[in-house]
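Protein chains in written order, with the numbering used here: chain A, 1 to 156; chain B, 1001 to 1156. Think of the CB as a built atom: it goes at the ideal place given N, C-alpha and C, for glycine as much as any other residue. Computed from a prediction, not measured in an experiment: that's the story for all the values here.
2 protein chains.
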Amino acid sequence: MRQRHNRLTVVKELIKSNRIDNQDTLLEMLKTEGYTVTQATLSRDLKMLKVGKISDGWSGYYYALPDNDLISESEKSYIQDVRRGILSIEFSGNFGVIKTRPGHANSVGIALDVLALPEILGTLAGDDTIFVILREGMNKEDLQDSFKTRIPEIEE
Amino acid sequence: MRQRHNRLTVVKELIKSNRIDNQDTLLEMLKTEGYTVTQATLSRDLKMLKVGKISDGWSGYYYALPDNDLISESEKSYIQDVRRGILSIEFSGNFGVIKTRPGHANSVGIALDVLALPEILGTLAGDDTIFVILREGMNKEDLQDSFKTRIPEIEE
DNA sequence: GTATATAACGCATAAATATCCAATTCGATG
DNA sequence: CATCGAATTGGATATTTATGCGTTATATAC
């Protein structure tokens, strides 16, 4: 019986990456993913996930996750950018220098901007190097803490 | 008969300033505003306004205007660009040629790109002429329909 | 183990929404 | 003025979504 939680995750994923406009088609997709339930259950799932149905701008409507969910999802992708690109961070005073894999400085820089870490005043990205200017009153340790919580699984 | 436009404005206003979660209550409110229509008509109105139904975060769902109703202000200015510049459209197969007032092709082309009509695959603007490539499966009539709804008060 | 509570679910059905079709009106054109 | 076409609407109905209720599995307490 206890398959609800997993199913919810799958439903969320399906909604995020497909244009779905009714529960029956979603039901089908769920079936191919191995979850066979009824429309009644799915209706309850959607309510639980706070899924909305919004206009595509011209012809019809489709399901969409609430804004908060989307933001945190896109945030995940930025975190991935950081993980993928970053090589090291070193500090000098209230400046930091991040080394990245060649060509990755830009995507990492953008990701850091988007994540809006409170310790960072601004960034300047070249090709494989990013300048980080710390905000007044912040230091190396503050930023490293922030990194550890916001971008797990990175060692410096 | 011609009360649609006014009614749409009222519907929009009602949705913006109330928490409404089904068409029947909206129907009631409309009646007190002096518009007596059926649910069928209201359903069409909502689709036309691109109204969505989204979660309130806990218990239920309510109607909401699309986000880009905010953007629609800037959109209005693009629509103005089109109105100001366009002279004629003619088609040949799945290509269209738009003639504009001299020097206006660019602003009209940009506007068309921003408006993102689903029928248009791409545009190429000169000085007073724009090439329009229709998307596969779309035709002259589709685009003209879209024009009529998105950019009212233009005759071809 | 047995009784009791609860969560998760399906079935049937209610409620809500969308659409097909025909009727009416308004405008343009001959 | 007659006619044609497009727009708008209502009535009936189809489609889509939500929910009341009973059932079963799982957990908790005795």
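Same chain, Cβ closer than 7 Å to residue i, five either side skipped, listed in chain order
i, result
"ASP1127(B)", "PRO1102, GLY1103, ALA1105"
"GLY93(A)", "none"
"PRO1066(B)", "LYS1050, GLY1052"
Best match in the options for proximity to residue i [C-alpha to C-alpha]
i, options, result
"SER1088(B)", "ILE1098(B), ASP1081(B), ASN1094(B)", "ILE1098(B)"
"ASN1006(B)", "THR1100(B), ARG1019(B), LEU1030(B), GLN1080(B)", "LEU1030(B)"
"GLY1137(B)", "TYR1078(B), PHE1095(B), ILE1020(B), SER1107(B)", "PHE1095(B)"
"LYS1091(B)", "ASP1045(B), THR1129(B), LYS1140(B)", "The sequence given here has Phe at residue 1091(B), not Lys. Comparing Cα-Cα distances from PHE1091(B) to each of ASP1045(B), THR1129(B), LYS1140(B), the minimum goes to LYS1140(B)."
"ASN22(A)", "ALA64(A), ILE79(A), GLN80(A), TYR78(A)", "ALA64(A)"
"ILE15(A)", "LEU134(A), ILE130(A), TYR62(A), LEU117(A)", "TYR62(A)"
"TYR78(A)", "ARG135(A), VAL10(A), ALA116(A)", "ALA116(A)"
"THR1060(B)", "LEU46(A), GLN80(A), ASP67(A)", "Reading off the sequence, residue 1060(B) comes out as Gly, not Thr. Out of LEU46(A), GLN80(A), ASP67(A), LEU46(A) has the C-alpha closest to the C-alpha of GLY1060(B)."
"PRO80(A)", "GLN39(A), PHE147(A), THR32(A), THR38(A)", "According to the sequence displayed, residue 80(A) carries Gln and not Pro. Measuring from the Cα of GLN80(A), the nearest candidate turns out to be PHE147(A)."
Supposed contact pair residue j and residue i - C-beta distance, whole angstroms, cut 8 Å
i, j, result
"SER1017(B)", "GLY52(A)", "Incorrect: roughly 19 Å between the Cβ atoms, too far for contact."
"LEU180(A)", "LYS12(A)", "With chain A represented from 1 up to 156, any question about residue 180(A) goes unanswered, as that position is not in the structure."
"ALA1111(B)", "VAL1082(B)", "5 Å"
"LEU1121(B)", "LEU1134(B)", "6 Å"
"VAL108(A)", "GLY85(A)", "4 Å"
"LEU27(A)", "ILE20(A)", "Not confirmed; about 10 Å, so no contact."
Interface flag, residue i vs chain A, CB-CB below 9 Å
i, result
"TYR1061(B)", "yes"
"ILE1015(B)", "no"
"LYS1053(B)", "yes"
6 Å CB neighbourhood of residue i in its chain, flanking five on each side removed
i, result
"LEU143(A)", "GLU119"
"ARG1004(B)", "none"
Same chain only: Cβ atoms within 8 Å of residue i, ignoring 5 sequence neighbours per side
i, result
"THR129(A)", "VAL97, ILE98, LYS99, THR100, ALA105"
"LEU1008(B)", "ASP1045, MET1048, LEU1049"
"VAL10(A)", "LEU30, GLU33, TYR35"
"ASP145(A)", "none"
"ASP1024(B)", "GLN1039"
Min CB distance residue i to chain B below 9 Å
i, result
"ARG19(A)", "no"
### Chain-ordered residues of the segment 30-51 of chain A with a beta carbon less than 8 Å from chain B
LYS47, LYS50, VAL51
### Query
Between the segment 97-119 of chain A and chain B, which residues of the former have a C-beta closer than 8 Å to a C-beta of the latter?
none
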